[in-house]
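Written out below as structure tokens is the structure these notes cover.
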DNA sequence: TAAATATATTTTACAAAGTAGAACAAATGA
DNA sequence: TCATTTGTTCTACTTTGTAAAATATATTTA
């Protein structure tokens, strides 16, 4: 069985994106940020599916915002890192640090 | 579509293990090393399946050794990081470095 | 030398994560 | 009201991750 802190590749990147965005942020913004930071493309479907799975695991939480007064200003769903999510990031980071120890590639 | 350098979580760890082991190494040894380094358990099936997939992608290569003169000394299959595998590791590392930039968790 | 035992890999089957695109929802502007 | 815009949800499928059983092949021992 997979341990609770084990993050999939895309899960890992999304959590880091949320960390970078600090506070709350929503789908399109998250997607754009990931693209800007490391040029990683992601479909909207992939994004939400992964966010949903991580919410179920408790790594993030989401809240529905208010509609805004702009064209197409539909209510946004804001996502936020949870304490468990931060912990998972720290553990993953620590593991990778160990695995890289002494390597020169 | 997934880019060539994109590594799954377990793929990533296995490539790093091969890098740590330097030179050639075989299944059981790889498994033991991963356990020692970061206490990560993996079934033999998971290990070989992932190694095989990565060989197909060109991240590693494998060669069959000679049987050894010890009880149960069946011929071992040795795995080795390829140039493409090293490159994938470097790119992944660089991406994560960027994603972590400025974060304090 | 046949059976037991040890080391190692391969096969099989399934669960979880990753992915894309269409469908849907809800707002404003014309 | 209908076209347009921004945003989320649904659907279908591929790839990765996983465990356990089956198989292979060597030595030791009865």
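Residue numbers (the numbering used here), protein chains in the order written: chain A, 41 to 145; chain B, 41 to 145.
All residues carry an ideal CB built from backbone N, CA and C; glycine is no exception.
These numbers were taken from a predicted model, which means no experiment stands behind them.
For the beta strand (DSSP E) that residue i lies in, which residues bound it at each end?
i                      : result
residue 120 of chain A : 117-121
Beta-carbon of residue i versus every beta-carbon of chain B: anything under 8 Å?
i                      : result
residue 135 of chain A : yes
residue 96 of chain A  : no
residue 72 of chain A  : no
residue 84 of chain A  : no
residue 126 of chain A : yes
residue 93 of chain A  : no
Let me check one thing: in DSSP terms, what residues is residue i bridge-paired to?
i                      : result
residue 84 of chain A  : For residue 84 of chain A, which the question treats as bridged, DSSP gives no partner whatsoever.
residue 104 of chain A : A/117
Since residue i meets chain B, which of its residues come closer than 8 Å, beta carbon to beta carbon?
i                     : result
residue 48 of chain A : 48, 49
Using a cut-off of 7 Å between C-beta atoms, extract the partners of residue i located in chain B.
i                     : result
residue 78 of chain A : 135, 138, 139
Under 9 Å between beta-carbons, which chain B residues line up against residue i? List them in chain order, please.
i                      : result
residue 130 of chain A : 145
The alpha helix (DSSP H) with residue i in it runs from where to where?
i                     : result
residue 49 of chain B : 49-61
residue 69 of chain A : 67-78
Between residue i and chain A, is there a C-beta pair that is closer than 8 Å?
i                     : result
residue 59 of chain B : yes
residue 87 of chain B : no
residue 54 of chain B : no
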